[in-house]
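> When you read off a place in the sequence shown, starting at 1, and then add 1, the result is the number in our numbering.
Ideal placement from N, C-alpha and C gives every residue a C-beta, glycine not left out.
Since the model is a prediction, treat every value here as computed from it, not as a measurement.
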Amino acid sequence: MLSLRGYAKKVRAELTTLCVTPMFDLQESLNQLQVEKETTSAILAEAQGTSPGQKGEEDRSDTEKAWKCWQERVNLRRRICRDMWRGCLEIVDKDVSRDEFWVAINL
2 MLSLRGYAKK VRAELTTLCV TPMFDLQESL NQLQVEKETT SAILAEAQGT
52 SPGQKGEEDR SDTEKAWKCW QERVNLRRRI CRDMWRGCLE IVDKDVSRDE
102 FWVAINL
């Protein structure tokens, strides 16, 4: 029982750490990833013998729409999962481990 309690505390601490990351840091990470993506895209286009400016405006528009749609879905799913997990943590006893919880809900 003691190890299960310790594991539950560890899991709660990890969840708290994930929720504590400041929005500024997350935004900064996203900006860095965007720069890396653009750089990689430019290198790939150069390696293929075309420049990023040669891409059709229609293709670019379609790609941006698909990307925005995907991002909205990802953010919505992330929010739903986070809300569900918080609700589960409120209901579940503090002595229940993550594995026991998953077994209890048949997943």
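#1: For K95, collect the residues of the same chain with a Cβ closer than 7 Å to its Cβ; drop the 5 residues on either side in sequence, then sort them by chain order.
#2: Reducing DSSP to helix, strand and coil, say where S98 ends up.
#3: Between T41 and chain B, is the shortest Cβ-Cβ distance under 8 Å, so that the two count as touching?
#4: For the alpha helix (DSSP H) that contains V75, what are its first and last residues?
Per the coordinate set shown:
#1: Within its own chain, the residues whose Cβ lies closer than 7 Å to the Cβ of K95, once the five positions on either side in sequence are excluded, are A9, listed in chain order.
#2: In this structure, S98 counts as coil in the three-state DSSP scheme.
#3: Any reference to chain B falls outside this structure, which holds one protein chain only.
#4: Element bounds for V75: E58 to I92.
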